[in-house]
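K.L.:
So for the sequence shown, my numbering puts the first residue at 14; every next one is plus one.
Following this message is one structure expressed as structure tokens.
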Amino acid sequence: MTVKTLGYLTIAFVAVFVFFRYLMGYVLPFALGIFLAFILDPLVAAMAKKTRLGRGRSALIIVLLLVTVLLSLITWAVTRIVEELTALYGYLPQYYAEFNRIATELLRIAGDISSQLPEPLAKAFQEQWARLDVLLSRVLSGASGLVRGVPMFLVMLLFTILSTYFVMKDRAKIGSFIRSVVPPRAFKSFKHVELDILGGVAGFLRAQAVLVLLTMIINVLGLTLVESRYAVGLGILLAIMDILPVVGPGLVYIPWILYQAIWGSPAVAVGLSVLYGAVSLLRQVAQTHLVGREMGLHPLATLASLYIGFRVFGTVGLIYGPLSAILIKGLWVSGVIPHEDGVKD
14 MTVKTLGYLT IAFVAVFVFF RYLMGYVLPF ALGIFLAFIL DPLVAAMAKK TRLGRGRSAL
74 IIVLLLVTVL LSLITWAVTR IVEELTALYG YLPQYYAEFN RIATELLRIA GDISSQLPEP
134 LAKAFQEQWA RLDVLLSRVL SGASGLVRGV PMFLVMLLFT ILSTYFVMKD RAKIGSFIRS
194 VVPPRAFKSF KHVELDILGG VAGFLRAQAV LVLLTMIINV LGLTLVESRY AVGLGILLAI
254 MDILPVVGPG LVYIPWILYQ AIWGSPAVAV GLSVLYGAVS LLRQVAQTHL VGREMGLHPL
314 ATLASLYIGF RVFGTVGLIY GPLSAILIKG LWVSGVIPHE DGVKD
């Protein structure tokens, strides 16, 4: 590898870091719009050709169909969750009384343990207990933050839908404008980068969709086997939590397992532990293989991107890491980053 190649790679890594750290929030709706337009464009082109409605009307129909399907799925999921939460509400007084009893017992046990320990150990125990309190406060704060973020999410969704429509409608005009302002050689490289990156992002999202579907099915079946009253609603919720690294299904599973092991049914605790272990193992093993295959990356490169992304960006880096790998790979394959193998078409 030459010094020139290393220099270009360094610039690329810095640019990717700056993009995800400082610019991602500002361009995300438009980036999603371009990606969705890339995915849906074959449908728009086919409809425009067969029906002679033109790209504008065909794009509008496809976007409306997409919104209808998404709203239908969201409505179904929310309806099931609300139904099961309504059923849960009837047991809420019983659960609340049980929670108070358990919390009081835990505080008593913690006080007894702390009083019987040597002073250094007692101090360390109290510090860990304080950290647990801070962690629970952060979890509750994060949950309220998600609720407060709903209006911003709806605004972002609206701009994503609008940008998707306009990119599909005026694809030829946008392409002509870019071609007019970008030199021919750079435009050729840009097309290589665009296709490779969009294809890689599509593969990444396909892999995530498959993982979420698998974990949802396993969660629903497993919770049905342990005779949970809320198998479907919890299965959907846990699958959604599984794609949010900051939260994770452990937030539900671990307290539930501890409760069943100490105050409930040990058999249910064992069943939940097996289910949680199976879902976690599937996620970790399948993610590296499936994401790498869909993105066209070696499993080792995928694993490295997940780890580096986590160390650089935190938990959200589990998403940013693979996306950064896609960007770097697109720049490498297109020849924007010069290397000895040249451009691979």
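Idealized CB from N, CA, C, for every residue including glycine.
Given the structure is predicted, the values throughout are model-derived calculations rather than measurements.
From P42, L73, G46 and I47, pick the residue whose C-alpha is nearest to that of V57; which is it?
P.N.:
Nearest option by C-alpha distance: L73.
K.L.:
Between W345, T315 and L295, which lies nearest to V223 when the distance is taken from Cα to Cα?
P.N.:
Comparing Cα positions, the closest option is L295.
K.L.:
Between the Cα of P335 and those of I24, V29 and L22, spot the shortest distance and give me the residue it belongs to.
P.N.:
If we check each option's Cα against that of P335, V29 comes out closest.
K.L.:
Quick one: is N113 buried, meaning 16 or more other Cβ sit within 10 Å of its Cβ, or exposed?
P.N.:
Answer is exposed; the Cβ neighbour count stays below 16.
K.L.:
What are the start and end residues of the alpha helix (DSSP H) that includes W276?
P.N.:
W276 -> no alpha helix (DSSP H), and no H or E assigned at all.
K.L.:
Does the separation of the CB atoms of V76 and Y178 fall below 7 Å?
P.N.:
Contact: yes.
K.L.:
In angstroms with no decimal places, state the Cα-to-Cα distance between L331 and G263.
P.N.:
Roughly 17 Å separates the two Cα atoms.
K.L.:
Please go through the same chain and pick out, in chain order, the residues whose beta-carbon is closer than 7 Å to the beta-carbon of L285, but skip the five residues on each side of it.
P.N.:
Closer than 7 Å at Cβ, skipping near neighbours: V239, Y266, W269, I270 and Q273.
K.L.:
I need the boundaries of the alpha helix (DSSP H) containing V194, first residue and last residue.
P.N.:
Taken as a continuous stretch (DSSP letters only), the alpha helix (DSSP H) holding V194 covers R184 to V194.
K.L.:
For the pair the region 82-99 and the region 227-241, tell me if three or more CB-CB distances fall below 8 Å.
P.N.:
Contact fails: fewer than three Cβ-Cβ distances are below 8 Å.
K.L.:
To the nearest angstrom, report how far apart L288 and G235 are at their CA atoms.
P.N.:
Each residue's Cα considered, the two are about 6 Å apart.
K.L.:
Between the C-alpha atoms of V356 and L251, what's the straight-line distance to the nearest angstrom?
P.N.:
The predicted position of V356 is uncertain, since its pLDDT is 45 and thus under 50; a value taken from the coordinates is nonetheless stated next. Cα to Cα, the separation comes out at about 43 Å.
K.L.:
To the nearest angstrom, how far is the alpha carbon of K186 from that of G261?
P.N.:
For K186 and G261, the distance between alpha carbons rounds to 43 Å.
K.L.:
Specify the secondary structure class of E240 as computed by DSSP and reduced to three states.
P.N.:
Correct three-state label for E240: coil.
K.L.:
Please specify which runs of the alpha helix (DSSP H), each continuous and at least 4 residues long, are wholly inside the region 27-100, giving them in chain order.
P.N.:
DSSP runs (the alpha helix (DSSP H)) wholly in the region 27-100: 37-64.
K.L.:
What does a CB cutoff of less than 7 Å around G360 pick up in its chain, not counting 5 residues either side in sequence?
P.N.:
Nothing can be reported for residue 360: it is not among the residues displayed for the chain, which extend from 14 to 358.
K.L.:
Hey, V292 and T237 are a contact pair by Cβ (cut 8 Å); roughly how many whole angstroms apart?
P.N.:
With a Cβ gap of about 14 Å, V292 and T237 do not count as contacting.
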